[in-house]
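Chains as they are written, first to last, in the UniProt record's numbering: chain U, 1 to 117; chain L, 1 to 117.
Glycine included, C-beta positions come from ideal geometry on N, C-alpha and C.
What follows is a set of notes on a single structure, which appears directly below.
There are 2 protein chains.
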Amino acid sequence: MTTVTNTRELAHPERDEIRLEGILHALSDPMRMRVVRALATTEGELSCSYFVLPVTKSTTTHHFRVLRESGVIRQVYRGTAKMNGLRRDDLDALFPGLLDSVLDAAGRQAGRLGDGV
Amino acid sequence: MTTVTNTRELAHPERDEIRLEGILHALSDPMRMRVVRALATTEGELSCSYFVLPVTKSTTTHHFRVLRESGVIRQVYRGTAKMNGLRRDDLDALFPGLLDSVLDAAGRQAGRLGDGV
Chain U
1 MTTVTNTREL AHPERDEIRL EGILHALSDP MRMRVVRALA TTEGELSCSY
51 FVLPVTKSTT THHFRVLRES GVIRQVYRGT AKMNGLRRDD LDALFPGLLD
101 SVLDAAGRQA GRLGDGV
Chain L
1 MTTVTNTREL AHPERDEIRL EGILHALSDP MRMRVVRALA TTEGELSCSY
51 FVLPVTKSTT THHFRVLRES GVIRQVYRGT AKMNGLRRDD LDALFPGLLD
101 SVLDAAGRQA GRLGDGV
């Protein structure tokens with residue numbers, strides 16, 4: 001099945017348009033952090049439907065959009081699936097060590113509070 | 001002059017009440033980041049009046065409150081001055097390397113965009 005959706009390009013900031021405050025805002029939500037932590041554990045991409053978050057579908061879509069528009073993730077349509085991947089290369093080039101230290105902090109907190117992914 | 005204000009204790013989260021999402025939210029605002037970067041360059045405390053931010057006084061007060069309530073800074077009254085200090089010990093104990101990597105990222109962005117403190 002070919003639909004308009006399949007070929008739609010989603011808007012992403014270029015590397016030099018990514019801002020630290022946008023990244024930190026994107027990562028300041030527990031649901032979005034959960035998505036980012038899952039993406040960080042995989043080499044490839046994960047579909048939106050892979051994630052079952054305890055929020056509505058529209059809220060889930062909102063969270064992915066915030067992550068995409070801040071430059072944290074890249075979203076592409078592959079067939080009917082919207083696939084998500086961390087923009088690790090861009091983030092590491094702009095802010096070396098930042099993503100890893102945030103992921104480490106999230107892992108520590110999840111371990112401490114017992115609310116890990 | 002002795003006033004009630006002088007002895008008022010401001011509410012702070014204990015170390016184990018500090019949450020990563022609160023820290024990231026607090027740091028996701030450029031004005032608050034400016035305050036944190038200035039505090040990071042001093043060993044001691046800085047008064048609120050030290051900071052001249054391009055926002056109203058009430059907005060400035062709001063920013064300091066967000067930083068305090070998230071656990072990023074400690075605020076104490078000394079005489080008539082409200083003094084501010086980074087809670088570096090608490091942050092480094094909870095999330096080793098996080099504060100430094102965020103400060104490094106902020107410095108890189110300020111250098112790149114030419115909007116340093």
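- Item | Whole-number beta carbon distance between Leu98 of chain U and Ala105 of chain L, since they are thought to touch under 8 Å | As a working note, residue 105 of chain L is residue 105 in the second sequence. As a working note, residue 98 of chain U is residue 98 in the first sequence. The beta carbons of Ala105 of chain L and Leu98 of chain U sit about 5 Å from each other, so the pair counts as a contact at 8 Å.
- Task: Name the two residues that bound the continuous alpha helix (DSSP H) containing Val36 of chain U.
- Result: Locating residue 36 of chain U in the first sequence gives position 36, where the first residue counts as 1. For Val36 of chain U, the uninterrupted alpha helix (DSSP H) segment begins and ends at 30 to 40.
- Message: When you compare the CB of Pro13 of chain L with every CB in chain U, is at least one pair closer than 8 Å?
- Response: Walking along the second sequence from the start, residue 13 of chain L turns up at place 13. Not closer than 8 Å to any Cβ of chain U, the Cβ of Pro13 of chain L fails to qualify, so no.
- Task: Count the other CB atoms, across all protein chains shown, that sit within 10 Å of the CB of residue 123 of chain L; report buried if there are 16 or more and exposed otherwise.
- Result: Any answer about residue 123 of chain L is impossible in this case: the structure gives chain L only from 1 up to 117.
- Gly85 of chain L, DSSP secondary structure in three states: Start at 1 with the first residue of the second sequence, and residue 85 of chain L comes out as number 85. Strand at Gly85 of chain L.
- Message: Relative to the C-alpha of Leu113 of chain L, which candidate in U:Leu20, U:Leu27, U:Leu10, U:Arg8 has its C-alpha closest?
- Response: Against the second sequence, residue 113 of chain L aligns to sequence position 113. With respect to the C-alpha of Leu113 of chain L, the residue from U:Leu20, U:Leu27, U:Leu10, U:Arg8 having the closest C-alpha is U:Leu20.
- Message: For Leu103 of chain L and Glu9 of chain L, I'd like the C-alpha separation in whole angstroms.
- Response: For this step, residue 103 of chain L is matched to residue 103 along the second sequence. For this step, residue 9 of chain L is matched to residue 9 along the second sequence. So the alpha carbons of these two residues sit roughly 28 Å apart.
- For Leu86 of chain U, which option in U:Ser47, U:Pro30, U:Ser28, U:Asp29 has the closest C-alpha, if you only look at C-alpha atoms? Working through the first sequence from its first residue, we reach residue 86 of chain U at position 86. Ranked by Cα distance from Leu86 of chain U, the first of U:Ser47, U:Pro30, U:Ser28, U:Asp29 is U:Ser47.
- Query: Distance, Cα to Cα, His63 of chain U vs Ser49 of chain U?
  - Reply: In the first sequence, residue 63 of chain U corresponds to position 63, counting from 1. In the first sequence, residue 49 of chain U corresponds to position 49, counting from 1. In this structure, the CA atom of His63 of chain U is about 13 Å from the CA atom of Ser49 of chain U.
- Consult DSSP for Leu99 of chain L and reduce its assignment to one of helix, strand or coil. Counting from 1 along the second sequence, the entry for residue 99 of chain L is found at position 99. The answer is helix: DSSP assigns Leu99 of chain L an H, G or I state.
- Taking only the alpha-carbon atoms, compute the straight-line gap between Ile18 of chain L and Met33 of chain L and give it to the nearest angstrom. Here residue 18 of chain L is taken as the residue at index 18 of the second sequence, counted from 1. Here residue 33 of chain L is taken as the residue at index 33 of the second sequence, counted from 1. Cα to Cα, Ile18 of chain L sits roughly 18 Å from Met33 of chain L.
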